[in-house]
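0 is the number of the first residue of the sequence shown in numbering that gives the first Met the number 0; add one for each residue after it.
All remarks here apply to the structure that follows.
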Amino acid sequence: MAAGGTGAEAREENALLEAPALAVDGSVPYWPSQCLAVPRLGGVYVIHDMRGSLYIGRSDCLYDRFHAHYEYSHNQRLRRALRRPAGCIHFSWVLAHGEHQKALEQRLIRDLHPLCNHIRYTTTKEGSS
0 MAAGGTGAEA
10 REENALLEAP
20 ALAVDGSVPY
30 WPSQCLAVPR
40 LGGVYVIHDM
50 RGSLYIGRSD
60 CLYDRFHAHY
70 EYSHNQRLRR
80 ALRRPAGCIH
90 FSWVLAHGEH
100 QKALEQRLIR
110 DLHPLCNHIR
120 YTTTKEGSS
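Set out below in structure tokens:
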């Protein structure tokens, strides 16, 4: 770091080097035969490959959402990414519901910068947890 660097630059550099803490409840290769391992419960999911996070979303039934994206995703960027993967694509999830589900989805989108999400969350509300 150059002499005279700002505290903001140091915080930004540290943020890039620290992975967000997240304990996933499950992860499967994104193949139709793996759908039986995906729960019919609500949660937040991440579709990812060697490029990193491709798409982050939430659903009241992860099993149904797995199929919906696999059959025909509403997101054109994600459809292109799924047709041309970098390594193995995975579908990972964290079980959650209600406001916790929405807050977790927003935090993950903000922290992981998925390539195919249209909405970006860049800041958090002051005083929120």
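Yeah, the Cβ is synthetic: ideal placement off N, Cα and C, and Gly gets one too.
For the set E98, K101 and Y29, the Cα lying nearest the Cα of H68 is the one of Y29. In this structure, I55 and L111 form a Cβ contact; the two beta carbons are roughly 7 Å apart against a cut-off of 8 Å.
Here I88 carries a coil assignment [DSSP, helix/strand/coil].
In the structure shown, the three-state DSSP call for S52 is strand.
A distance below 9 Å separates the beta carbons of G41 and S58. Between the stretch 79–93 and the stretch 19–38, the count of Cβ pairs shorter than 8 Å is three or higher; the stretches touch.
When the beta-carbon positions are compared, C34 and A80 stay at least 9 Å from each other.
Put simply, of R39, D24, D48 and P84 the residue whose alpha carbon is nearest the alpha carbon of H66 is R39.
In the DSSP secondary-structure assignment, R83 is not bridged to any residue. When secondary structure is reduced to three states using DSSP, L94 falls in the strand class. From the listed residues A36, A7 and V43, the smallest Cα separation to G97 is found for V43. Excluding its 5 nearest sequence neighbours in each direction, D48 has C-beta neighbours in its own chain below 8 Å: A80, P84, A85, G86, C87, I88 and H89, listed in chain order.
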